[in-house]
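Working notes for the structure below.
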Amino acid sequence: MGGPRVVAFGGGHGLAAALAAWRRLTTELTAVVTVADDGGSSGRIRREMPVLPPGDLRMALAALAGEDPARQEMARLLQHRLGGTGVLAGHPVGNLLLTGLVELHGGDTVRALDAVAAMVGACGRVLPMADVPLDLVARVETADPDDPARTRTIRGQAAIASTPGRVREILVAPPDPPVHPDVLAAIAAADVVSLGPGSWYTSVLPHLLVPRLRRALAETPARVVVVLNLEPQPGETDGFSPEEHLRVLQAHLDGVALHTVIADAESVVDRCGLLSAVRECGAELVLAPVAELDGQPRHDPARLAAALAPVAGPRERGGVRSGTEVPGRYEGER
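The numbers in UniProt numbering rise by one with no breaks, and the one at position 313 of the sequence shown is 313.
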């Protein structure tokens, strides 16, 4: 199919949703995946083995699997969690397969990922955001009414996601991890770079906290597009409006240009407020119906692909492009 060269950043279900949309538009697709997961199967594996946490990498590979029945069956196998009550219970088969291949290839995660991509007939490539496992460190508000300014330091993705209170700051450790050359080459050659949707503080922002990644993003000629979440995430972004998500992102851009923001037309309450936040970033706003029709807070791959399709075309900075199902223009639009 060809198409624009797209690099999609993220992790977990959010990145899988973005990949399901992008694969409808291009085969020149690279997923750059977070490696900070320390919960569940990935956490167990990274505590026992000197490997990157495989869970988010596995999900990206499954999202890019070929459409024929054999490839889809392999993708289902990657996602299948083992049952029982023993030491293997709860491990997805793909996590164990990736870990075994990394060991087989002398610790070369990228070679292992390429091998699994070939097994599932992936319509793109999956790469880790860093060559070493990362830890996330967050400063989180406490729930103490007598001292509302007090914060706690929480370490670890799983703990951050489950800790009550708003995240005020997020850091990665080590602060300047090595990044595989293939990741930097993909960013330099990209036509489009995609961020989101996903867990804002633990899947989206960490990519901007790695100096080598941020520098590559600041230097790339690619168009940078952000897909906003459909609703706040409990724990991480409780009560956040779409414009608050965007302002948090803007605070971490540090020289990275933002060109397009995509938001679900039905999820935005204050359109003028969001438009103002988008303009502060020097970007354009695309309002389109991108959520599942059943009302669940999930992005629909076909609808999101329709919103993403014009992104690689000519851009009009600072304006608004409404989706075909969004009636008319509204106050504040240029």
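Note that the Cβ used here is the ideal one computed from N, Cα and C, for glycine as well.
Keep in mind it's a predicted model, so treat the numbers as computed, not measured.
Within 10 angstroms of the beta-carbon of SER162 lie fewer than 16 other beta-carbons, which makes it exposed. Between the alpha carbons of PRO4 and PRO242 lies a gap of roughly 27 Å. Taking all protein chains shown into account, CYS272 has fewer than 16 neighbouring C-beta atoms within 10 Å of its C-beta and is therefore exposed. The Cβ atoms of LEU304 and ALA21 lie closer than 9 Å to each other. In this structure, LEU113 places its C-beta atom within 9 Å of the C-beta atom of LEU98. When beta bridges are read from the DSSP output, VAL140 appears opposite ARG152 and VAL167. About 5 Å separates the beta carbons of THR142 and ARG150, which is inside the 8 Å limit, making them a contact pair. Following the DSSP letters along the chain, one finds THR260 inside the beta strand (DSSP E) bounded by residues 260 to 264. If the five residues before and after LEU217 are omitted, its C-beta is found closer than 6 Å to the C-beta atoms of VAL256, all from its own chain and listed in chain order. With a contact defined as Cβ atoms closer than 8 Å, VAL172 and LEU134 qualify at about 5 Å.
Spanning the alpha carbons of LEU127 and LEU274 requires a straight line of approximately 32 Å. Listed as beta-bridge partners of GLY10 by DSSP are VAL33. Apart from sequence neighbours up to five positions away, the residues of its chain that approach ARG223 with a beta-carbon distance below 8 Å are ASP191, VAL192, VAL193, HIS259, THR260, VAL311, ALA312 and ARG315, ordered along the chain. Sorting THR153, ARG76, GLY94 and ARG215 by C-alpha distance to the C-alpha of ASP56 places GLY94 at the top. Rounded to the nearest whole angstrom, the C-alpha separation of ARG46 and ASP38 is 7 Å. In this structure, ALA288 sits away from ALA251, with a CB-CB distance that is not shorter than 9 Å. For ARG125, the beta-bridge partners assigned by DSSP are THR30. Around the CB of PRO181, fewer than 16 other CB atoms lie within 10 Å, so the residue is classed as exposed.
The Cβ atoms of LEU15 and SER276 lie no closer than 9 Å to each other. In this structure, DSSP gives PRO242 a helical state, which the three-state scheme calls helix. Separation of PRO232 and HIS13 (C-alpha to C-alpha, rounded to the nearest whole angstrom) is 15 Å. Counting of Cβ neighbours within 10 angstroms places GLN296 among the exposed residues, the total staying below 16. The Cβ neighbour count for ARG152, taken over all protein chains shown within 10 Å, is under 16; the residue is labelled exposed. With a cutoff of 9 Å on beta-carbon distance, GLY90 and SER41 are scored as near each other.
In this model, PRO301 and LEU228 are separated by some 14 Å (Cα to Cα). Rounded to whole angstroms, the separation of the alpha carbons of ALA18 and LEU208 is 18 Å. Partner residues in a beta bridge of VAL290, as assigned by DSSP, do not exist. Cβ neighbours of SER199 within its own chain (closer than 7 Å, five residues either side excluded): GLY12, GLY14, ALA161, GLN233 and GLU236. Classified as buried, LEU64 has 16 or more neighbouring CB atoms from the shown chains inside 10 Å of its CB.
The shortest CA-to-CA distance from GLU28 to any of ALA186, LEU293 and GLY282 is the one to ALA186. ASP114 sits in a helix when the DSSP states are folded into three classes.
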